[in-house]
Amino acid sequence: MKRRTFLRGTAAGLAVLSPLGRTFGVPPREAPWWLVPMDDAQTDHLKAYGVVFRLLERGGQGEWFLNYRGGAFLVPADSTTTRDAQLAGVTLEPLAERELLDIRAEIAEANMDAVPLEKAPKVAVYAPPNAPPWDDAVTMALQYAGITFEKVWDQDVLSDAIRRYDWLHLHHEDFTGQYSKFFLNYAGTAWLADMVDRNQRMMRQLGFPTVPALKRAVAQAIRAYVDQGGFLFAMCTATETIDLALASADVDIAANYADGNPMDPNASAKMDWTQALAFRDARLVLSPTVSQFSDIDGHQVNAPALRQPLGSYTLFSFSAKIDPVATMLVQNHRQVIPDFYGLTTSFTRHTLKPSLTVLAEEAGTPWVKYIHGEQGQGTWTFFGGHDPEDPQHQIGDAPTDLSLHPHSPGYRLILNNVLFPAAKKRELKT
Amino acid sequence: MAPVWRIKTCGQPVPRHLVLSVLLTSSLVGTLPAQEAAVARAFELERRGKYAEAADAYRLVLLTHATDVPALLGMERSLLPLGRSADILPPVRAALALDSTLTVAHGIGVRAWAELGQLDSLKALVERWVRVEPNDDAPYREWGRAALLQRDRGAARAAYHLGRERLGRPTALAAELAQLAMLEGKYGEAAREWVHAVVDLPGYRSAAQSALGKAPAKARPEILEALNAARAPVGRELAAGLQAEWGEPLAGLQLLERNLPRGADAEVHAYRQFLEQIRAQQGDEAKQVRARILEAIAQRTAGPQNARLRLEAARSFAESGDAAAARRMLAGLAEDEAAPPDLAAGATLTLIKILAAEGKLAEAEQRLARHQDGLSGEDVANAWRDLAVRWIDAGNLDRAEAAVAHDQSVEGLAVAGKVRLFRGDLRGAFERLQAAGPFAGSREDAAERTALLALIQPIRADSLPALGQGLSALERGDTATALRALVEVAERLPLGAGGAEVYLLAGRVEAARGRTDQAERLFRLADNADALATAPAAELELARLLVGLERVDEAIELLEHLIITYSGSALVPQARRLLDAVRGAVPRT
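Order-wise, the sequence lines are chains A and B. Sequential numbering of the first sequence, starting at 1, is according to the working numbering. Sequential numbering of the second sequence, starting at 431, is according to the working numbering.
Here is the structure:
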C-alpha cells in the first residue's frame, strides 16, 4: 500500500470514529442542514426539543420527521443553532442536500411524514404562586429543555389572560376544590394550611362563595379556552378532576370540609358528562375520607384496598400522513415505557368517551395511560401519573434531576405536546 | 344485560351466574374448602376491580355462612369504592344474630354507621357490643377510630374516655389517646399517655419512642418534663432515649444512669437498649457515650465477654479522642497471656493506634516491632503504613520511607510514592504512584493519586525539591508555606509544562481558604492556551468560584466558552451540569 493511500484511509477511518466529526462543528459547505436524530444516537433527547423550540423562537423554521429515526428534527446549520446544540449537548448530524433528498424519498414511501415547524407556541403552566411540596413534571421538563413559559393561576384564567397563550398545562390541581383530599392525612401541615389559605383568599378576591365553585368556574374557563383553539395538556389528578368539575355544574360533589355541605349522595347519577372533555359515566367516590375521586383512575394509588401494581404502557402507532397529530404526540425512541403513579395514574376504559384517541395503553388491563381529543377548535391531551422518572413520588420528595434522565421516554411525551402546536396548521388532518 | 334472579339477598338482586356458582359450590356438601373457594373467587373479582360483582359474591357466601369473617371484610372493602357502605349492615346484623361476640362484625358495623354519618345508630351498636363484652376495650377503640375517620377528634376523645371510665382502668386505651394527643399537638399529654401504654404493654415502647421522637423541637422540653415526672421508671427510660435521639446522647446517658432499674441484669438490659438507640449516631459525643456504655456493661459482665467489651470500649474511646480512657480499658489486655489471641492482637493494635494518635510514633513503632509476631501479616502491614502516614504528617520523611521500605503492596507503593513526591523525586514518585493504580486505599485516595499524577506528568524535570516541599507543607496543613512554594514553582515552570497545573492547584488551595481574589487570579493564570489539558479544568474551577460569588453571568460565559472551545474535554459534562444548575434547568444539589 502506498503511504498516501494509507494516510488517506486512516484519516477517513478516524473521521468516522470521531464523535466530533459526526456531531458538532461547522458543517461542510455542502451540508447546510443539521439532522437532530431522536433515536438512540441522540445524547440528550429532552434538550433536543429545547434546541428546536429556541430556533422557532428566533424566527427560524424546522421540520419534524415523524417516525423517522425516533421523530428526528431538521434544522438549519446556522451558527446560532449549532452553538446552542453544542452547549446543550445535543447530537447533530450534518446533512447535505443530496442526503436530505434521500431522506425525503424514504419518508414519502413509508409511514412517515415531514411536518413543518414554523412558530414557537407561547406556553403557560397553571400553578399556584407558592411552591407545593411536590414537583411538576412539565415544569421540570420545560426548565431542563430551556423552553420559556409563564405561570398563570385562577385570576389569569378567569380574566381571559390565558388567551395570550397557545399551550396550557395543568398538573396537580384538584378542580373539585377538595385540596386533593389531603385533609385526612396531612391535616396540620404548613403546606396544606397555606394551600387552603391561598385558595380561600382567591375565592374571596374573585367573589365566589366556595373554593369548589371557584375551581369549577376555572375549569369552565379552561374548556372555553380549548373551545377557541387552545392546546391543553394535563397530567396527574388535573385530568380527572377537571372533568369532574365540568360535569358537575349543578351537583355538589365536594365534601363538607370544602364547601360546608356534604356531597350529594346521588351525585353520580346527576353528572352531566356532555360538559366533560374526556370521560363519561364515572362513578364518584362519596366518602370524604377516601383518597379517591372516582372510578376514572384505574390504579387508585392512595386506596390501599384498590391499589393496582405498576406495569408498562405501550404507545400506539398511527398513520403519519393521515393522522399527524396523534403521530406527533407519540414520537419516541421507545414504544414500551415503565408506568408511574400519580393521584390519577391511568384512565379506565369504561369511562372514556368514544370520540377520543387512545395514544398509549397497558395491554390486557382495563385502563389506558395517554389520551387525546378535540374540543371545539382546540385539542386536549391527558397523561396519567405524576413524574415519569419517579414512579412513586411522595410528598416532600426531592424534585427529579432530569440531567440524570436525558433520554427519558416518558418526559419525551410531555415535550412532544409542547412542540406539536408549532406544527403548521394546514398539515393537521386529525 | 345479564339476567337477574330476584332472590332475597339482603334486598339486592343477584346475577344468575353468581347464584349458580354459589349453588354449585353449596351442592358440594357445603364443605369448608368450598366456602374458602367461594371467598377466593370473590376476592379475585375484587382484585380485578369488579367491586359490584365481588360484593355480590361475598354476599352469597354470607347467605350460607353468615359469620365468615373474610367474606364480611371483603364485602366491606368492595362496597366502599361503590359508595354503598350501607349494604354491609344486613349481613352484619345476620352475623351478630348468630354470634353476638363476633368482634369483627361489630367493628364493621361501627365503621359503616360512621361512614353513613348515623351517629345514633353507631352509638347503639357500640352499646350493644359493650353489653356482650363489658371488659373489652375494642368497642371504644373502634368507636374512636370511626370518629377519627370522620375527622371528628372530639368524638374520638369522648369515646376513649368513656371506655376508660367504664372499664375502670385509668390506663385503658392509652395508646389511642396518646396518638390523638400527638395529632392535636398536646405533647405533654401524649407523653403521659405513652408511659401508661408502655407500662400496660411493653411492646408499645418502640412505637412510643418513634412517635414522640418526631415531635417538633419546641415541644421537646414539655415532653421531657412529662416523662421525667412520670411515676413509672419507663418514663425516664423514654426520656433518656429521646434525648439521645435529639442529639444529646450524653445528657440521655446521665439521665439513664440516675434512674437505672435495680439488679445487674436489668441494668445491662437498660444499657443495651440505650446503646441500640445511639448505635447509628455519629460525632465524638456519641462515640464517647457508646464507649461509656460498653465500659458499664463490661463492669457488670464476667468471663471472656468482659475482655471483649473492654476492647470494644477502648476502640470507641480511641475513636472519640479520649486516649486516657482507652488506655484504661486496655490495661493488662495486651499482655494478658490468658486472653484469646485475637483479643490480645486487637488490644495491641488499638494501643498502637492510640500511641500514634498521641504523636508517640517512636513508642508505637517499638511496640509494633515487639508484638508483630503475634499479629496477622495484613494487620502488621496496615499498622506500618499508618505509622508511615503519621511520620509524613510529622515531616519525617526518612522514618516514613523506612516504615514502608519492605511493603510491595499497592497500598505500600502509594505511601512510598507520596514520600518520594514530598522529597521532590518526581520520577520516583510517578513510578510508584502509577504502580499503585486505582485500587489502593479508598476512592478518595485513588482520586488524590490521580490528581498528583496529573500535576507532575507535564513537568519535564525528574527532580523538583521546591515542589516537594510545597506539597509536603500542604499535606501537613501549612497552607501559607505551601502556597508560597507552589506559586514560586509555578512562576519558574513554563505554563505548558506544568506551570498551569501548579497554578491550578494553588488556586484550589486559595479557594478552599476562602481567599477568592487570590484564587481567581491563580485560576486565570492556569487558564492558558498553552496548557490544553489544564485550561478547561481552570475554567471550570473559576466558574464554580464565580457562581459562589454570585457573578452568574460571568460564570455562564465561562462555561459556554469551556463547552464550545474544549468540546472534547472530559470536563464538558460537569460544565454542562453546572450551566444547567445556574440557569435553573435542574434542581441545585
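All residues carry an ideal CB built from backbone N, CA and C; glycine is no exception.
Assignment of Ala662(B) by DSSP, reduced to helix, strand and coil, places it in the coil class. Contact between the stretch 241 to 261 of chain A and the stretch 216 to 224 of chain A is present: 3 or more CB-CB pairs across the two stretches fall below 8 Å. For Gln220(A), no CB of chain B lies under 8 Å from its own CB, so it is not counted at the interface with that chain. Residue range 929 to 943 is occupied by the alpha helix (DSSP H) that includes Gly929(B). One alpha carbon belongs to Arg815(B), the other to Leu979(B), and they sit about 41 Å apart.
Listed by position along chain A, the residues whose Cβ is nearer than 7 Å to that of Ile993(B) are Gln86, Leu87. By a beta-carbon distance limit of 8 Å, Gly842(B) does not contact Leu863(B). Their separation comes to about 12 Å.
Around the beta-carbon of Pro463(B), fewer than 16 other beta-carbon atoms lie within 10 Å, marking it exposed.
Taking one beta carbon from each stretch, the stretch 340 to 359 of chain A and the stretch 418 to 425 of chain A have fewer than 3 pairs nearer than 8 Å; the two do not touch.
Nearest to Leu95(A) by alpha-carbon distance, out of Glu106(A), Asp39(A), Leu74(A), Ala234(A), is Leu74(A). Contact of Arg650(B) with chain A is not assigned, every C-beta pair being separated by 8 Å or more. A direct Cα-Cα distance of roughly 8 Å separates Ala602(B) from Ala627(B). Distance from the CA of Val556(B) to the CA of Pro691(B), rounded to the nearest whole angstrom, comes to 41 Å.
Between the C-alpha atoms of Lys47(A) and Gly479(B) there is a straight-line separation of about 40 Å.
Contacts between Asp1010(B) and chain A, judged by CB atoms closer than 8 Å, involve Tyr144, Ser403 in chain order. Scanning Thr314(A), Gly207(A), Leu244(A), Leu206(A) for the CA closest to the CA of Asp174(A) turns up Leu244(A). Residue environment: Lys644(B) is assigned as exposed (fewer than 16 neighbouring CB atoms within 10 Å of its CB, all protein chains considered).
Sorting Arg981(B), Leu781(B), Pro966(B) by C-alpha distance to the C-alpha of Leu992(B) places Pro966(B) at the top.
Under DSSP, Glu93(A) takes part in a beta bridge, and its partners are Leu35(A). Positions of the beta strand (DSSP E) runs, each at least 3 residues long and wholly inside the stretch 117 to 151 of chain A, are given as 123 to 126 in order along the chain.
Excluding residues up to 5 positions away in sequence, Gly858, Ala859, Arg862 lie with their Cβ nearer than 7 Å to the Cβ of Arg850(B) in the same chain. CA-to-CA, the gap between Ser355(A) and Val36(A) works out to about 34 Å. The beta-carbon separation of Leu315(A) and Val330(A), rounded to 4 Å, stays under the 8 Å limit for a contact. In this structure, Ala660(B) lies away from Leu685(B), with their beta-carbon atoms at least 8 Å apart. In the DSSP annotation of this structure, the continuous segment of the alpha helix (DSSP H) that includes Phe852(B) starts and ends at 840 to 853. For Ser806(B), the number of other beta carbons within 10 angstroms of its own is below 16, and it is reported as exposed.
Across the structure, Ser893(B) and Phe852(B) are spaced so that their CA atoms are roughly 11 Å apart. Taking the Cα of Leu683(B) as reference, the smallest distance to any Cα among Gly671(B), Ala694(B), Gly693(B), Val917(B) is reached at Gly671(B).
When DSSP states are grouped into helix, strand and coil, Ala360(A) belongs to the strand group. Interface flag for Leu935(B) against chain A is unset, since no Cβ pair is found closer than 8 Å. Between Val368(A) and the set Glu63(A), Gln377(A), Thr344(A), the nearest pair of CA atoms involves Thr344(A).
Per DSSP, Gln375(A) is one residue of the beta strand (DSSP E) stretching across 367 to 375.
Boundaries of the beta strand (DSSP E) around Pro338(A): 336 to 338. For Leu170(A), there is no enclosing alpha helix (DSSP H); the residue is found in the beta strand (DSSP E) stretching over 167 to 170.
Contact between the stretch 230 to 237 of chain A and the stretch 252 to 263 of chain A is absent: fewer than 3 CB-CB pairs across the two stretches fall below 8 Å. Within chain B, the C-beta atoms nearer than 7 Å to that of Arg83(A) come from Ile994, in chain order.
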